[in-house]
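As given, the protein sequences belong to chains A and B, one line each in that order. Counting in our numbering, the first sequence tops out at residue 1082, every number present. Counting in our numbering, the second sequence tops out at residue 1270, every number present. Structure record follows, encoded as structure tokens.
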Amino acid sequence: MRRRGLLVLLGGTSLVPSATHAQDRRTYRIGILETVPADQNAANLDALRRGLRERGYVEGQNLQIDYRSAAGQADRFPTLADELLRAGVDLIVTRGTPAARAAKAATTTVPIVMAAIGEPLGVGVVASLARPGGNVTGLSAYVTELAGKRVELLKQTFPSTLRIGFMQNMGNPVSPPQWETTQAAAKTMGVSATLFDIRNVPAINDAFALIQDQSIDALSVGIDALIQANAELIVRLAAKYRLPAAYPSREFVDIGGLLSYGPSYPDLYFRAAGLIDKIFRGAKPGDLPVEQPIKLELVINLKTAQALGHAFPQALLARADEVLD
Amino acid sequence: MKRGLFLKYVVLFVGLVTAVLVINVALDLYFVYQENRRASIEVQQEKAEAAAQRIESFVREIERQIGWVAQAQWADLPVDQRRFDYVRLQRQVPAITELIQLDRQGREQLKVSRLNMDVVGSGTDLSKEPPFVGAIADGVWFGPVYFRKESEPYMTMAVAHGRRGGVTVADVNLKFIWDVVSQIKVGKDGYAYVVGPQGRLVAHPDISLVLRGTDMKRLPQVAAALAAPDKDVPVGDSINLAGVSVLSAHADIPALKWLVFVEVPTREAQQPVINTGLRALALLVLGLLIAAGAGALLARRMVVPIRAMQAGAERIGSGELSHRLTIKTGDELEALANQFNRSAAALEESYATLEQRVEDRTRELQESLEQQTATAGILRVISQSPTDVEPVLQSVADAAAGLCRADEAAVFLFKDGAYRWAASAHIASTYVDVVKGEAFTPGNDSLVGRTALQGTVVQIEDAPNDPEYGRRDLAQLGGAHTLIGIPLQREGDTIGVMVLTRRYVERFSDQHIEILKVFADQAVIAIQNVRLFTELRESLEQQTATAEVLRVISQSPTDVQPVLRAVVGAARRFCGADDAMIVLCDNDDQLMATHEGSMPALVGTRIPLDRSSTTGRAALDRQTIHVPDVALLDPSEHAQTIELAEKTKVRALLAAPMLREGGAIGCVLLRKPEAGAFTSRQIGLLETFAAQAVIAIENVRLFTEIQEKSHQLEVASQHKSQFLANMSHELRTPLNAIIGYTEMMADGLYGDVPEKATAVLERVQANGRHLLGLINDVLDLSKIEAGQLVLAMEEYSVADMVATVLSATESLARTKGLTLGSDVPAGLPTGTGDARRLTQVLLNLVGNAIKFTDRGSVEVRAAEVDGRFELSVVDTGFGIAPEDQAKIFEEFQQVDNTSTRKKGGTGLGLSISRRIVELHGGRITVESDVGKGSTFKVTVPINASAIKEAAQ
């Protein structure tokens, strides 16, 4: 009797609360609603996985990732979003405006993290950047502003440029403001601007034929699922037609595009992991502000420039964050 | 005791050690806490200062980088070169989003942006803007924090290009401070954050908080620091946004007016204290263990001898008084044990005597209890048996024998001049039979006799060997030796004796004698009860019987037979006889009027009235004759009685005379088939019944007489009325002739009449009319009296009736100079009644009023009140004195004074009016003041026929 009481007393001392935070045993399921297949998206996915891993989410242990790609066809997003929800994911990661809108339409309860979205304001996704509201948060990509910057870069690099073409899928709600910015920039720079609205793969080929016909000097390419999915085709056609082109992200330059200016998408994906972690720890997505890119990078491809028979001006080289050759 | 003492010792010991240790630990902890807190705060303050420095140096680094291009000559470089420099600057400082070059006049020369298109030479005048003004004045200017799209924190910096070279303005994205802030590590969970001058969060490891524009002023530490920026706000306990208690310190960056906070969760800061506490607790537990062990050892040494003593005391306590303790500790405990032993010895000694006493006392109590129980039992029997003494005596005998250890008990009661057996207990039935036959008289011979004689308790120690004892036969029969007799006494009389016997020789103790006396008293009470009860019952029965006869008398005023039957029935029931009859005297005979009973008798039989029969003797002698046994009568005196008795097998008789005004009208006779005296009560009761029978017979006689008288009166009255009616008719016929002829003569039908004769004729006429009125009135009255007046019911109108009356009397009133008026409201209902007679009544009243009024007015008023007509005749005449008001409605009554006599009249009018109104079911009344006038009021039902029918 007395002995037992003593044991209780001793046992009690070892039960002083410890500060150790035990990771709970559940498995988190993340659904990814992407524009392109995973193999085309490796850099971003790696960044996301790295971010999650740093926060204790390891695929195969307590994390399961369901990847769905629209393969460039934005009209497939609603079906894919439903598919993910039916599979019972805890959270959906999206890329681009149509994916975000499809996910938001599909659920008001499952949290949505937009790994990248051109401009979340004004397209019915979030109420404000500081307080998005609802079940959505994520990272924005400055795509509207940067459309003008690309025109400036093209004109700086090729001062003789007179006619600029803007290739974009205007079916994407994020696109029209980009076209307006492009037109305004062109006017400032004293060049003409022509829109090449592409909504399917054949339209890309047709657009390049038109570019040739209309003596377009340089091409600014917007970002969209269709364009991402057909990046190789576009880069190949630009090379074929010896057309200087400025792209919205470095993945185009990696496969032979001339130059890109835009946010670092892998960085956005990496930071998305932070938002996912906060949500998994109980934060409401609507309370988490939409973040802007910290890093804007200029990537140029010397080999492509050489192929075009052109050298980058010194100012551009100095400015470039990365130079591929 | 159990483990009590042992536990107490241990607890005391452990408690002492604990107290010392706890005080030690508490002091230790207190000092450690204070020390640790001071150290933590110091460390944090240093961290805050360091963080502030790092952030400031981050900003200063940007300033330095800008300063690289900010030279006076730089502004003169070609634009491409300047643009290139700006681009390079942006490359080196990622935080700079936008750079603007202003010339010395404050005009924009170049703008290079990461997001927007570069602008060259726009010339926009920004000379009045704070960045330009600030930079020109101080060389460097830091703008306030602002938020792009209300989300991203930015700050504008401006650096002057020397004294005359213009200014470079840079927009710095403060999100880059995040890197700095995130890298500031304070302990394990500590962190730093930066707050702008308005309290808005500028940098925080959680970037979301910054982007959301969190207002940090709601934290007390931030509010306090902002409120007093110059003072060194002491570091202290606070809470963070998550509500976690933290230790907070801050430092300011004067150039930017920012505050840098460093916070560590209080728990973490106090970890050393907790560790110290845990160590102290372990020490405490160890101390407790040691103390418990030592305490147990010490306690055991104390407790073992005490336990031994306890065990010994327990054995002594449980009755083992011979047990002795053996404790050799050589201290107080041994002395205590010896004391125990001495006490046990003393206890052992006194115990033996005590036991005997208790035994005696218990026995006494037992006996006392038995007595009480027996007494209570007897009382219960008494209360349950109010009419029968037998069960009480039986239980008294039972209880007495049982309680006094007697072999037999018996109770004898005084009855018929001797003490006879009444109840017994435990006596063989054969012996009882013998005793039952005995009748003891007071005397020294028997025990019962001796007890009765002396009136006290008598005891015979050994009856068979007592020479004075006379009934040795009885003692031998019952095998009794010691005998005791207890008298049952009431008011000094010995009404019985209780006897107890023992079949061995042993005197009854005084105690037993006391008990037996109590029992004897109880037996007396029971006997008393029964006697009182019986008396009460008999008295009640008598009263009931008397009341019954009286009831029959009152119900039967005209017939004597039911009363006689009731008297006979009551006499038989209550006077203890089987058979009763009433014999009435009828001249020289006696007539048997009523009989009830089992013995032969013939109602209507006559026997001569003489003294040879019991009834005759009773009637003639006018006294009750009691014959307990016919056989003992003298045949010469009672010949008839003996003869009748033989015929009807009667042995006992009782006859009570029915006396009236000194003579007997008969007698009530009780008969019994066996000889035996009637009790005095029975005799008294029979006499009462006889008196009642006389009353009943008298009643009937008187009643019959009255009935005959009243019938004769009625016949006489009818004859009178008939006579009057006839007479009036006979008178009226000749009178009509006289009046008729006189009238004709006065009218000159038989020639002229001389003056004198005319006056005579008029007087004849007037007197004739007066006589006719008188006869008519007498006729009406006689008709009414004879019951011949029949109302002729018809509908009438009061208004018409009043109008008729007024028109008939108008001339009369006018002659006397009186005002004649009426007050008849419109809408009176139609009445039903004899209109002619009612008009007659009203005419009579109005006529009277005019007649007895010399001045003033006569008014007729009509009204409807509660279904009746109220007709009033109001005059201002002489009035009627109160004593006369009742008389005026009687026949032949007039208020007797000179004035009325002058007015004439038959004095029958009001009487007839009253009769008519009453025939209508109404009333006539008068109210009057002498000298002021009278009001006659007639009230009749509106529908008189309904009233009449209802009355019939």
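We put the beta carbon where it would ideally sit given N, CA and C, even for glycine. None of the values given here were measured: they were computed from a predicted structure.
Query	Result
From I778/B to R790/B, what distance separates their C-alpha atoms?	11 Å
Between K1035/A and chain B, is any beta-carbon pair separated by less than 8 Å?	yes
Using the three-state DSSP reduction, which class does S1039/B fall into: helix, strand or coil?	helix
What number of angstroms, rounded off, separates the C-alpha of T532/B from the C-alpha of R518/B?	6 Å
Which runs of the beta strand (DSSP E) fall wholly inside the region 373-425 of chain B and span at least 3 residues, in chain order?	414-420
Report the three-state DSSP secondary structure of E638/B (helix, strand or coil).	coil
In chain B, which residues lie with their C-beta within 9 Å of the C-beta of S885/A?	K467, E468 and S469
Starting from the beta carbon of A1072/A, find every residue of chain B whose beta carbon is closer than 8 Å, and list them in chain order.	D398, R401, F402 and V405
Could you tell me whether the region 898-914 of chain B touches the region 928-948 of chain B, where touching means 3 or more Cβ pairs closer than 8 Å?	yes
Can you round the beta-carbon distance between V908/A and A943/A to whole angstroms, since I take them to be within the 8 Å contact cut?	6 Å
Note down the Cα distance separating R969/B from E856/B, rounded to an integer number of angstroms.	25 Å
My understanding is that T851/A touches M871/A, with C-beta atoms under 8 Å, so please give their C-beta distance in whole angstroms.	5 Å
From the beta carbon of K944/A, is the nearest beta carbon of chain D less than 8 Å away?	Chain labels in this structure do not include chain D; the protein chains are A and B.
Suppose the cutoff is 6 Å on Cβ atoms and the five residues either side in sequence are ignored; what does the same chain contact list for L527/B look like?	L519
Here's the rule I'm using: 16 or more other beta-carbon atoms within 10 Å means buried, otherwise exposed. How should P975/B be labelled?	buried
Around the C-beta of K506/B, are 16 or more other C-beta atoms found within 10 angstroms, so that it is buried, or is it exposed?	exposed
Taking L971/B and V945/B to be in contact with their CB atoms under 8 Å, please state how far apart those CB atoms are, rounded to whole angstroms.	4 Å
Just to check, is the beta-carbon of V699/B closer than 7 Å to a non-hydrogen atom of the ligand MN?	Annotation note on the ligand MN: not contained in the displayed structure, which lists no ligands.
Can you tell me whether D1024/A is buried or exposed, with buried defined as 16 or more other CB within 10 angstroms of its CB?	buried
Quick check on the burial criterion: 16 or more other C-beta atoms within 10 angstroms. Buried or exposed for M924/A?	buried
Between A888/B, L882/B and L1189/B, which has its C-alpha nearest I900/B's C-alpha?	L882/B
Within its chain, find whatever has a CB closer than 8 Å to the CB of A862/A; leave out the 5 residues flanking it on each side and keep chain order.	P835 and A838
Does any residue of chain B have a CB that is nearer than 8 Å to the CB of A779/A?	With a pLDDT of 36 at A779/A, under the threshold of 50, the predicted position of this residue should be treated as unreliable, though the coordinate-derived value follows. Output row for A779/A: interface = no.
Give the interface partners of L967/A over in chain B, defined as CB-CB distance under 9 Å, in chain order.	Within 9 Å Cβ-Cβ: nothing; L967/A doesn't reach chain B, min ~26 Å.
Would you mind stating whether L1156/B and M1111/B have Cβ atoms separated by less than 8 Å?	no
Should P412/B be flagged as near chain A, meaning a C-beta pair shorter than 8 Å?	yes
In chain A, which residues lie less than 7 Å from D436/B when you measure between Cβ atoms?	E909
Looking only at its chain, what residues have a beta carbon closer than 8 Å to the beta carbon of K646/B, apart from the 5 residues adjacent to it on each side?	E652
How big is the Cα-Cα spacing for T951/A and L433/B?	22 Å
Check whether the Cβ of Y814/A lies closer than 8 Å to any Cβ atom in chain B.	no
Mind listing, in chain order, the continuous beta strand (DSSP E) runs of no fewer than 3 residues lying wholly within the region 764-849 of chain B?	776-778, 800-808 and 811-820
Can you give me, in chain order, the residues of the region 473-497 of chain B that have a beta carbon less than 8 Å from any beta carbon in chain A?	N491, K493 and F494
Does chain B have any CB closer than 8 Å to the CB of A1075/A?	yes
Y1004/A to D974/A, Cα distance in whole Å?	15 Å
Using beta-carbon positions only, say whether V1056/A and R999/A come within less than 8 Å of one another.	no
Is F1254/B near L1146/B, with beta carbons less than 8 Å apart?	no
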